[in-house]
Amino acid sequence: MHLIQVDSVQRWMEDLKLMTDCECMCILQSKPISIEKDEQNELILSSQYSTCNNLQLLLKRAWIISTELTRIAQKLEKNRWQRVHSMTVRVNCHVRSMINEYNTFTRSSSEEMHQLEKLLIDKCSEFTAFTERCVQTEDEQMLRSMKSCVNETLTTVAQYFGQLIELVFTHEAQFIRVRRKMNLLRQIDLSDSVYITESAINSLFSLTQEGAHLCRIIAKEGGVVALFKICRQDCFRCLYPQTLRTLASICCVEEGMHQLEKVDGILCLTDILTDNTHSEATHAEAAAVIAQITSPHLTFTQHLSSFLENMEEIVTALVKLCQEASSGEVFLLASAALANITFFDTMACEMLLQLNAMKILLAACSDKRIVDTPYSRDQVVTIMANMSVLDQCASEIIQGNGIQLLMEMLFEKSSSGNTAEVAACERVQQKSAVTLARLSRDPEVADAAVKLSCIPRLIKLCRSPTERNNSDSVLVACLAALRRLAVMSPDGLEDSDFQQLVKPRLVDSFLLCTNMEESFV
C-alpha cells in the first residue's frame, strides 16, 4: 500500500465534495495553529471511486487510521495532550468517513457489522470527549491519573477498529469474488489447465502480499487446502515453486497453520523435499514453507505434532539441499529452515551432528558464491550457537576451522547501510560471541580463540559502540565471551581491561561500556 502524496489545493478540493462535513470538522477542530510540524505529515485519502477498487480504498483508509492511532500513542507517552486531542478528533472523522464510504458501496452488511460500527463510533466519541477534558485540566496529578484511562480507551478503540476491518475485508472479499465471475480458489481447485491455474496462483500470491488480514481470509476460505491439492498432482509439477511460495505467505497467520495441519501439509512437504526428481527450485520453496512454519517468532507452532514425526527426514533433506545448493538464495532458504528447527526442537541439534551438518555448513561459508550475505551467515551462526550446547560439537567446529569463521563474524559490517542488513550484521556479531562463550568451556577451543586474537576483538567491541553499531545485545554477548576466555587465558588481558570488563559484575561492566564515549584523538 502506498501513501498518497497530497501537495495541492486541487486534490483537497476533489476530496472536499465527497467529505465536506468531515473536512470542515477537521479544519475547525483538529488543526489548531501550532509551531509543531506534524501537519506536514497529515494523511488525507483520495476518494475517487471511479478509479479505486473498493478493497484498495478500504486498505488505504485502514492504514491511515492505524497510523494515526500509533501516533496518538506516541504523543500520549510524551503527555502532549493538545496534540492527542486534535489527533483523536481526526481519527474520529476518519472512522466515520470510512464507515460512511463503505456503506455507500456495499450491497448489504450483517447485523454483527452494524453492531461493531456503532461500538466503534461510540467509543471514538467517548475517546474524543475524554481527551477534551484532559486538555481543559491543568492539574498534573489528575492528568496522570487520567492517563491510564485514556490508554485503556485507546486500546479499546484499536481493538474495535481491528475487528471491524477484518469483518469488512471478509465481506468485501466475497463480493470481489462475485465480480470477478470466477473465484480464484475455485479456479485453483477445479481447473485442469496449467495456464489458468498458474494465473490464479499468481493472483492469489499478490493478494497475500497485502497483509495478514487477507492471508487469514484466504486461509478461512480454503486457500491452503486448494494449494496443497495442486502439490499432490504430478500434472502441476511445473507450478510447485509458485504454489509453495504462496503457501509460505499464507502460513504467516495462525489460520493458515491450522489448515496446513488439517490437510497433512507436513507430510506433503516431506514428500516433496525427499523426492529427488523435483527441481532445486521446488525443494527451495518447500524449505521456505518449513522456515515459515517453524519460525521462532510465531507463537502458534506448538500444534504441529506431525512435524516431529517427520523431522528426521526433513532435516536430512535440508542438509542435503545446503550441501548441493547452486546459489546463495537456495542455501539461505535451506539454512534458515534448519536454523528455525534447532529452536523448534532440541533433537534437531543431535540429528545435525550425526549428519555432519557442521562440516557442510562451514565448507559452504568458505564459498563466497553460496554464503554471500549477512543473512546467510546469520543462519549459519544461529545453527552453530544452538549446536554449541552439545559437548561433541566443539571438536567438529575446530576441525572445520570454525573458530576462524567465528572470529571473522565478529568483524561483520554492513556494506550498504540498509537497516535490515545492519540488523543482520548485529545478529551475526552477537551470535558469534555467544557461540564462542559456549564453546570456550572446552580448553582446546579457548586456546584456539586466544591464538586467533579473539580477546582484543571482543575488547574492541565492548569499548567501541560504533564497532557494534551501539547494540546492547552484542555488548552483553561480548562481555560474556570475554569473561569465559579470561578464565581460560588470564594473561591475554591488560590490567585495565580486567578491572573494568571482567572483574566487576556483568551489569556494572555493561553500564560502564554503554556510558563510554569514544575518543577521536
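Per my numbering, the sequence shown starts with residue 4, numbered consecutively.
Backbone N, C-alpha and C define an ideal beta-carbon position, used for all residues, glycine too.
With a cutoff of 7 Å on beta-carbon distance, alanine 397 and alanine 436 are scored as not near each other. Rounded to whole angstroms, the gap between the alpha carbons of alanine 161 and serine 69 is 8 Å.
Taking C-alpha positions only, glutamine 382 is separated from methionine 314 by approximately 19 Å.
By the 16-neighbour rule on beta-carbons within 10 angstroms, glycine 405 is buried. By the criterion of a C-beta distance shorter than 6 Å, methionine 116 is surrounded in its chain by Leu170, once the five residues flanking it on both sides are discounted. Check the Cα spacing between alanine 342 and each of Gly331, Cys368, Asp370, Arg380: the tightest is with Arg380. Cysteine 325 counts as buried, since no fewer than 16 other beta carbons sit within 10 angstroms of its beta carbon. Excluding five sequence positions before and after lysine 223, the CB atoms of its chain that fall closer than 7 Å to its own CB belong to Glu258, given in chain order. Selection Glu327, Asp394, Ser391, Ser419 evaluated against aspartate 370 yields Glu327 as nearest (Cα-Cα). Your pair glutamate 213 and arginine 248 does not check out as a contact, with CB atoms roughly 15 Å apart and the cut at 8 Å.
For alanine 284, the enclosing alpha helix (DSSP H) has its first and last residue at 283-296. Assignment of phenylalanine 303 by DSSP, reduced to helix, strand and coil, places it in the coil class.
Arginine 460 and methionine 412 have their C-alpha atoms roughly 11 Å apart. By the 16-neighbour rule on beta-carbons within 10 angstroms, lysine 434 is buried.
Boundaries cannot be given for glutamine 502, as no alpha helix (DSSP H) includes it and DSSP labels it neither H nor E.
If you ignore the 5 residues before and after alanine 360, its C-beta comes within less than 7 Å of the C-beta of Val322, all in its own chain and listed in chain order. Between isoleucine 199 and cysteine 234 the beta-carbon gap is near 17 Å, outside 8 Å, which marks them as no contact. If you draw a straight line from the Cα of isoleucine 253 to the Cα of alanine 215, it is about 8 Å long. Listed in chain order, the non-local C-beta contacts of arginine 372 below 6 Å within the same chain number zero, local neighbours out to five positions each way being set aside.
Rounded to the nearest whole angstrom, the CA to CA distance from glutamine 166 to leucine 62 is 14 Å.
Nearest to leucine 514 by alpha-carbon distance, out of Thr349, Ala423, Cys465, Leu217, is Cys465.
Unbroken beta strand (DSSP E) stretches of 3 residues or longer found wholly inside the region 297-358: none. Counting along the chain, the unbroken alpha helix (DSSP H) around glutamate 120 starts and ends at 114-139. Annotation for threonine 173: Ile220 place their beta carbon closer than 6 Å to its own, counting only its chain and skipping 5 residues before and after. If you draw a 10 Å sphere on the C-beta of lysine 78, you find 16 or more other C-beta atoms in it, and that means buried. Inclusion of valine 266 and phenylalanine 231 in the CB contact set at 7 Å is warranted, their separation being smaller than that value. Membership of valine 453 in the alpha helix (DSSP H) is indicated by the continuous run 446-454.
With a threshold of 16 other beta carbon atoms within 10 Å, glutamine 13 falls short and is exposed. Residue environment for cysteine 516: buried (at least 16 other C-beta atoms within 10 angstroms of its C-beta). Membership of aspartate 394 in any alpha helix (DSSP H) is not indicated, and neither H nor E is assigned to it by DSSP. By the neighbour-count criterion, in which 16 or more other beta carbons inside 10 Å mark a residue as buried, asparagine 421 falls on the exposed side.
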